[in-house]
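Undergrad:
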Amino acid sequence: MKITVLAGGVGGAKFLRGLRAHLRQVDPDGFGGTASEVTVVVNTGDDVWLTGLRVCPDLDSIMYTLGGANDEVRGWGRVGESERVSAELTEYGVGWPWFTLGDLDLGTHITRSHLLREGLTLSEVTARLCARWNLGVRLLPMSDQSVETHVVVADPEQPGGERSMHFEEWWVHYRAGLTALRFEQRGLASAVAAPGVVQAILGADVVLFAPSNPVVSIDTIVAVPGIRDALVETGAPVVGVSPIISGSAVRGMAHACLSAIGVETAADAVALHYGARDSGGLLDAWLVDESDAALVAGLEEAGLRVAAVPLWMNSVEATTALAAAALAEAAGLTV
Ligand code: FO1
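If you read the sequence shown in this note's numbering, its first letter stands for residue 4, the second for the next number, and so on.
If you want it as structure tokens, here you go:
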């Protein structure tokens, strides 16, 4: 079975760990290349050049998590990390002192930047980095061209003025505390889907939207020229997992992003934002948490197949069951 997953960072990484565990359980011989294979189309809108290095937060979150090297406590970066180099960068007054590049993490950024300067594409670099970690899934950046999310906020210095900043500055330095007026994906117009992405969607048996940030992860991926068309065209059922549980953004500050685009922070509002395929949207099915079971009827009326299952990804067992539920929804769909 060919499964293609659209994913951002932390939420996507946890979900993918469960999906891999589930497939290893049901398909111990086939999984990993024959009977079942997983391709992940990863958001690169968070990517940033920092002190001469290309940092790809969502690709790295997924690579470290599936590689077993992620810091489960902080939720990002490497376990057992140290920050000696970062302290030196701060002393020299370069980089972002509030955005820590750990010593082990720098190994990834130095390698990536070196290979990019050697002329490899981001896809080729990603494949090279992932080969070390034996992930069991294939990671594809959404595009080999730079598409960076910048956030436009009101400028406190001048009434009615606006200023923009890289998403990571808004997200980490300001903890999404400045009201976002809108998001801009810089480079989007001249970007194309990375090699293999459209084919991974068109050739999939199942397409899954991981419970990632709907605005700065999933929407950003879908906005890359060629990807929305592939999602509309694919014969595969498209099943999404809500990133919102009973009205609260489970991870990060998704609420600050959703309110910027006028979408309510609710499991049904996000599904309707993606849209039901029958009415020109992207989804065939949607998973909400049991605590949102009251939303099921309304979403079914909107043309979606809906399941209310436990969505909290607080253990590998929980995410394994969640992945199984998402695949079960897909199996129940004849598209
Ligand atoms: N998040 C933080 O809250 N503080 C940091 O200092 C930080 C550093 C960092 C360095 C590399 C990297 O790949 C990610 C990093 N993140 C940090 C997490 C990052 O903001 C998130 O992974 C995503 O960009 C948002 O989902």
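Ideal Cβ positions, reconstructed from N, Cα and C, are used throughout, including at glycine. Fair warning: this is a prediction, and the values are worked out from it, not measured in the lab.
Look at the alpha carbon of A269 and the alpha carbon of L307, and state the distance between them as a whole number of angstroms.
TA: To locate residue 269, count along the sequence shown from 1; it is residue 266. To locate residue 307, count along the sequence shown from 1; it is residue 304. Distance between the alpha carbons of A269 and L307: 16 Å.
Undergrad: Hey, how far is the Cα of M168 from the Cα of P31?
TA: In the sequence shown, counting from the first residue as 1, residue 168 sits at position 165. In the sequence shown, counting from the first residue as 1, residue 31 sits at position 28. In a straight line, the C-alpha of M168 is about 46 Å away from that of P31.
Undergrad: In the DSSP assignment, find the unbroken alpha helix (DSSP H) run with V299 in it and report its ends.
TA: Taking the first residue of the sequence shown as 1, we reach residue 299 at position 296. V299 -> alpha helix (DSSP H) spans 299-304.
Undergrad: Between V41 and the rest of its own chain, which residues show a CB-CB distance below 6 Å, the 5 nearest in sequence each way excluded?
TA: Reading the sequence shown from its first residue, position 38 is the one you call residue 41. Contacts found: I6, V140.
Undergrad: So does W174 have its beta carbon nearer than 7 Å to some heavy atom of the ligand FO1?
TA: Taking the sequence shown and counting its residues from 1, the one referred to as residue 174 is at position 171. It does: the Cβ of W174 is within 7 Å (strictly closer) of some heavy atom of the ligand FO1.
Undergrad: Measuring alpha carbon to alpha carbon, tell me which residue in L56, W173, N137 is nearest T68.
TA: Counting from 1 along the sequence shown, the entry for residue 68 is found at position 65. Ranking L56, W173, N137 by Cα distance to T68 puts N137 first.
Undergrad: Assuming I230 and V200 form a contact by the criterion Cβ under 8 Å, report the distance between their Cβ atoms to the nearest whole angstrom.
TA: Taking the first residue of the sequence shown as 1, we reach residue 230 at position 227. Taking the first residue of the sequence shown as 1, we reach residue 200 at position 197. The pair is a contact, with the Cβ atoms about 6 Å apart (cut-off 8 Å).
Undergrad: To the nearest angstrom, how far is the alpha carbon of R120 from that of V44?
TA: Taking the first residue of the sequence shown as position 1, residue 120 is located at position 117. Taking the first residue of the sequence shown as position 1, residue 44 is located at position 41. Looking at the two C-alpha atoms, the distance is approximately 23 Å.
Undergrad: From W315 to A16, what does the alpha carbon distance come to, in whole angstroms?
TA: Residue mapping note: residue 315 aligns to position 312 of the sequence shown, counting from 1. Residue mapping note: residue 16 aligns to position 13 of the sequence shown, counting from 1. Approximately 14 Å between the Cα atoms of the pair.
Undergrad: With three or more C-beta pairs closer than 8 Å as the rule, is the segment 212-221 touching the segment 74-83?
TA: Short answer: they don't touch.
Undergrad: In chain order, which continuous runs of the alpha helix (DSSP H) of length 4 or greater are located wholly inside the segment 79-112?
TA: With a minimum length of 4 residues, the continuous alpha helix (DSSP H) runs that stay inside the segment 79-112 are 87-95.
Undergrad: Is the beta carbon of D106 within less than 7 Å of some heavy atom of the ligand FO1?
TA: The count along the sequence shown starts at 1 and reaches residue 106 at position 103. No; taking the cut-off as 7 Å, the Cβ of D106 has no heavy atom of the ligand FO1 nearer than that.
Undergrad: Secondary structure at G71, three-state DSSP: helix, strand or coil?
TA: The count along the sequence shown starts at 1 and reaches residue 71 at position 68. If DSSP states are grouped into helix, strand and coil, G71 belongs with coil.
Undergrad: Determine the DSSP secondary structure at S282, reduced to helix, strand or coil.
TA: Along the sequence shown, read from residue 1 onward, the residue named residue 282 stands at position 279. Three-state result, S282: helix.
Undergrad: What does a CB cutoff of less than 8 Å around S85 pick up in its chain, not counting 5 residues either side in sequence?
TA: To locate residue 85, count along the sequence shown from 1; it is residue 82. G105, D106, L107.
Undergrad: So A239 and D208 are in contact, right, with Cβ under 8 Å, and what is the actual spacing, rounded?
TA: Taking the sequence shown and counting its residues from 1, the one referred to as residue 239 is at position 236. Taking the sequence shown and counting its residues from 1, the one referred to as residue 208 is at position 205. Right, the Cβ-Cβ distance comes to about 6 Å (below 8 Å), so this counts as a contact.
Undergrad: Output needed for G164: all residues of its chain with C-beta closer than 6 Å, excluding positions within five of it in sequence on either side, in chain order.
TA: Counting from 1 along the sequence shown, the entry for residue 164 is found at position 161. Result list for G164: D158, in chain order.
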